[in-house]
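These protein sequences, in sequence, are chains S and Z. Residue numbers for the first sequence, in the numbering used here: 700 to 1264. Residue numbers for the second sequence, in the numbering used here: 700 to 1264. For reference, the structure discussed in these notes is given below.
There are 2 protein chains.
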Amino acid sequence: MTEKELLILDGHLSEYSYVGGYLPTQADFVLLKSGHIPSDPPHSLPSVRRWAAHMASFSASELEALPQLKDGCKIDEQLSNLVKNNLNMEKKEAPKNAGEQKKGAQNSKGKSGKFVLKTPKGTRDYNPAEMAVRRKVFNTIYSVFHMHGAVEIETPVFELKEVLTGKYGEDSKLIYDLEDQGGEILSLRYDLTVPFARYVAMNKITNIKRYHVARVYRRDNPAMTRGRYREFYQCDFDIAGQYEAMLPDAECVQLVHQVLSKLDLGEYTIKINHRKILDGVFGACGVPAEKFRPICSAVDKLDKSPWEEVRKEMVDEKGLDPSVADTIGEYVKLSGREELIEKLENDERLKGSAAAQAGFADLKLLFEYSKALGCDTYLVFDMGLARGLDYYTGVIYEAVLKAGQEGGEEGTVGSVAGGGRYDQLVGMFDPKKKTVPCVGVSFGIERLFAIQERKDKAQTDKIRATQTEVFVASACKGMLMERLKLLGTLHTAGIKAESSYKNNPKLLNQLQYAEDNGIPMVVLIGESEVQEGVVKVRNTSSREEVTVKRDELTTVIKQRLTVNL
Amino acid sequence: MTEKELLILDGHLSEYSYVGGYLPTQADFVLLKSGHIPSDPPHSLPSVRRWAAHMASFSASELEALPQLKDGCKIDEQLSNLVKNNLNMEKKEAPKNAGEQKKGAQNSKGKSGKFVLKTPKGTRDYNPAEMAVRRKVFNTIYSVFHMHGAVEIETPVFELKEVLTGKYGEDSKLIYDLEDQGGEILSLRYDLTVPFARYVAMNKITNIKRYHVARVYRRDNPAMTRGRYREFYQCDFDIAGQYEAMLPDAECVQLVHQVLSKLDLGEYTIKINHRKILDGVFGACGVPAEKFRPICSAVDKLDKSPWEEVRKEMVDEKGLDPSVADTIGEYVKLSGREELIEKLENDERLKGSAAAQAGFADLKLLFEYSKALGCDTYLVFDMGLARGLDYYTGVIYEAVLKAGQEGGEEGTVGSVAGGGRYDQLVGMFDPKKKTVPCVGVSFGIERLFAIQERKDKAQTDKIRATQTEVFVASACKGMLMERLKLLGTLHTAGIKAESSYKNNPKLLNQLQYAEDNGIPMVVLIGESEVQEGVVKVRNTSSREEVTVKRDELTTVIKQRLTVNL
């Protein structure tokens, strides 16, 4: 099977438990023995991994007895052809004995039909090693948030459906609804920005600088192999309040720079633009006002598609005059720094646009403030940056990691943070339309996790999933109660300590466990140590051992931990 | 209005936006001007608070123009009577001018109908001060989890519906289902234990010690004033694996003790019992085997109801012979320690019960191990402890704070943690029914938050919602760029620093801000300081000021922070 075919299979198995749908069939068996599936499939194929692990639980006779793949089974055409063509299914599937086959089918249906061992489509579990990476990334980001005096809030995972209605444009179809079980009509949150605006309006807050890190839900077609899921973390920092122009905006840009520099995941630039500049350009080029948002949404695709395609969308789909599109094309390909702003301020078409001029004034201030804050060198004024969401009203920005750094992603330039100013959203929730101006940034945290994970794997010092400092081991039999007493003593002193759950574990196994799990110290007891009221403290990496009195043990351990830190 | 009536109103407003349903009516106006609602309703009435804040946004003329409360409006009978009786609604609601009234109604319906400013029933937002308390409690608990070498995992917020089916008995009706939007049928998780068992089975894990802290969902009738919500945190620690009897169980009990002692929220005991002992008692007393679980579930109510009511449930609802119930009553009121175990081991009825004897042997071991671990004095063997869930198979435990400590809750003895052994749950997910024995504990974290909050409020040192260390202030105009430069310098050195968003903030306001927010230091600049290349560093509490050279600033600040810590 080609890599692409494996990806198709993985996508299928992300929705279905088995090749043939929700029940195991001969199709699974055939695929299994075809040799096309690696015995330990790569982590980039999580659903194939899940399937392979699950199939390994069937005995040979159970596999033989699986029912045929029937036409009624849920299997999409692409995969069906793939299975048939690659594996000569039809030949192998001919039943030897119809009666026997049927019996087997019933058995395995009755039995295996119950065990749909998978997570919902577009979601996944996170194992301890992955969680350790996440905690590390989160803690770095939190430390920067705290640097700015931000506070934390939390909102429910679902909102009244009408809170979300009319906020996301076309994407509203991706909202997860809860079943109407009598009562309110609810939907899972789609992002953290709309709940934040609802929170600010509901509590009549006039100013707040808050962060919120939580999972959001989108019924998108998941591209899980590229790290895109239906359930994923967002990590938002926003400043609400009526303040001096561009000061909170500059702080957001500074914060993006601080997070990315602290995470140390490679070189990055922060692209900036302004919705008023885009509107000014559209107006000056002759775009009718009602087409501003659709054309803006077309420009947004410039980071993924070439200009020709974007132009085609403008002209063919959105009915823009080709010459107008061409004029827009002249502008959106521009990028630079302050000198570009100055040039465009005097541009013949834009001179008369109040919107564009207001945008230029803002960006000049942003450059000035960024210089004082020490992050201006990361800024690029990119006229092609548009940002997808409708609610932005002012400055917009997006941080991208420079190409060729992410390893394996063939030079993709990855967007890892984005945001902007949205001054009208809170007003949409206020009965009197009273609004609170806001500006904020959202980190593409799942992408940052993935990059951090690759970075950690490339380095030798792997992240430990536990924090255990001491392993309590025994050199001979009958030491269980002594080990428990030591655990009690160490824990009371605040020292992280584990021991074996076996009554009489083997010494070598215990030392090996400490080594495998990176536990820096072993406290070792045998009969003579107990009699003499001492223990041995062993350094796991140097294997050096010292004898310590029981009542000095916690002091010694703490000293050693401090020295090592 | 009586306190009880206010509670009914709060319950109503937790589901509906307004007194009359989803639209504002004269009923809201009448209630507002009745004087029955305090201008700043207590936090124990969150929905009344939300409603009062929202109503304050209506102008007098808008209130006058609100439509009448119609019969079709959603208002439950109890509240309707309450409103009518207490507030003489009918008299006041007579329209003066039908035409005007109608116009007003349409306007406000068209306008206010959009703004349902509330969170879904049974849920709430958490503000920064509340989040700070949560972080503090979580961090304490995490530190104990790490003490035991536990790893963290994460699972999706929803599962395939069939994963949850058949695990919760009667409570299954409380599961939140997602709408069938084509694709898989999904439900929000009801607890963290079933997803954990699914995770262990799906990944063929033979042993793991993991914690998982996340929110779970139950469509229960929320008693929000008593801190019970439909969306709430669970905080679980579980040990899966085939180990020496009672060693992981003793570790769980020890961990409960460690968490509660570290949180320091008052005296507590850990009640223990064993499902096999309960089954042994039921068998010996003559309960038919098929009634073991229903009778166990009745015993579970003993912590909330007197024996007479529990007996009534056994006899009237569950058809138990009254004399059998009476015999059970003799046992379930017993509590004690090792001596009770020894006594019961030789009890005439229980002598012959293999189940009960196995349970006694386990508990004896548990006492012995707890002694070595230093937490046996907190244990009480309580024959009336049953735990609600069906899946427990061995030792069960529950930690309760002693009565009269929680302040305001009239001596309620609060359960703050509970758990036990469940050896068969993983097997329910394995195609071959292969199981992995598990034991675990879940902390009643929402209750712990509430108690911690009360404790913090009672103390003078309030928890800060931010961690800011330095406030950068200016003594005169035109210092904005200098302040930004200082922020850049301080942040680069890893110091948490904020400044005003105003171009020219007043000095006194800046110093006041630092004081109000508990920011320990202020860095102060004026024209002369800039000229001389120095700053003033001011201690917020002592108000003492020293002059420091710009290039020594971060060193000085760091020293002062270290000294204060």
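Built from N, CA and C at the ideal position, the CB exists for glycine as well.
- Taking 7 Å as the Cβ-Cβ cut-off, the segment 715-731 of chain S has no residue approaching chain Z.
- With a cutoff of 9 Å on beta-carbon distance, residue 1055/Z and residue 1039/Z are scored as not near each other.
- Look at residue 902/Z here: in three-state DSSP terms it is coil, with no helix or strand label.
- The beta-carbon distance between residue 1068/S and residue 946/S, rounded to whole angstroms, is 7 Å. This is short enough to meet the 8 Å contact definition.
- Collapsing the DSSP output to three states places residue 1074/S in coil.
- Within the segment 888-919 of chain S, 894, 897, 898, 900, 901, 902, 903, 906, 907, 908, 909, 914, 916 and 918 place their CB atoms closer than 9 Å to a CB of chain Z, listed in sequence order.
- For the C-beta of residue 1212/Z, not a single chain S residue is nearer than 7 Å; the gap to the nearest is close to 10 Å.
- Listed along chain Z, no residue sits closer than 9 Å to residue 1118/S by beta-carbon distance, the nearest being about 17 Å off.
- The C-alpha of residue 728/S is placed about 60 Å away from the C-alpha of residue 717/Z.
- Residue environment for residue 1207/Z: exposed (fewer than 16 other C-beta atoms within 10 angstroms of its C-beta).
- Residue 1141/Z is bridged by DSSP to 935/Z and 1117/Z.
- For residue 1201/Z, the residues of chain S that pass the 7 Å Cβ criterion are 943, in the order they occur in the chain.
- Interface with chain Z (9 Å Cβ-Cβ cutoff): residue 1154/S is excluded.
- 9 Å or more divides the Cβ of residue 748/S from the Cβ of residue 816/S.
- Bounds of the beta strand (DSSP E) holding residue 1236/Z are 1233-1238.
- With fewer than 16 other Cβ atoms inside 10 Å of its own Cβ, residue 742/Z counts as exposed.
- For residue 749/Z, the C-beta contacts it makes with chain S under 7 Å involve 901, in order along the chain.
- Collapsing the DSSP output to three states places residue 862/S in a helix.
- For the segment 957-970 of chain S, the residues whose beta carbon sits under 7 Å from a beta carbon of chain Z are, in order, 957.
- Residue 1142/S places its beta carbon less than 9 Å from that of residue 933/S.
- Proximity of the segment 1076-1090 of chain S to the segment 1195-1206 of chain Z falls short of the contact definition, fewer than three beta-carbon pairs being nearer than 8 Å.
- For residue 991/Z, the enclosing alpha helix (DSSP H) has its first and last residue at 991-998.
- Ranked by Cα distance from residue 1100/S, the first of 907/S, 1236/S, 1135/S and 1151/S is 1151/S.
- The segment 1055-1066 of chain S makes no contact with the segment 1008-1023 of chain S; the number of CB pairs closer than 8 Å stays below 3.
- When Cβ-Cβ separations below 9 Å define contact, residue 946/Z makes contact with chain S.
- Membership of residue 830/Z in the alpha helix (DSSP H) is indicated by the continuous run 827-846.
- Per DSSP, residue 1030/S is not a residue of any beta strand (DSSP E); the alpha helix (DSSP H) it occupies stretches across 1021-1031.
- Taking C-beta atoms as the reference points, residue 873/Z and residue 927/Z fail to come closer than 9 Å.
- Between the segment 1173-1183 of chain S and the segment 822-840 of chain Z there are fewer than three inter-stretch CB-CB distances shorter than 8 Å, so the stretches are not counted as touching.
- Residue pairing by DSSP places residue 1172/S opposite 1223/S in a beta bridge.
- Beta-bridge pairing by DSSP links residue 1034/S to 1081/S.
- Closest by C-alpha distance to residue 1059/Z, out of 1045/Z, 1192/Z and 1214/Z, is 1045/Z.
- Excluding residues up to 5 positions away in sequence, 1008, 1009 and 1012 lie with their Cβ nearer than 8 Å to the Cβ of residue 1000/Z in the same chain.
- Residue-level contact by beta carbon holds for residue 847/S and chain Z, with a gap shorter than 9 Å.
- Two segments are said to touch when three or more pairs of C-beta atoms, one from each, lie closer than 8 Å; by this definition the segment 875-895 of chain Z does not touch the segment 888-898 of chain S.
- Using a CB distance below 7 Å, the part of the segment 1172-1189 of chain Z facing chain S consists of 1180, 1183, 1184, 1186 and 1187, ordered along the chain.
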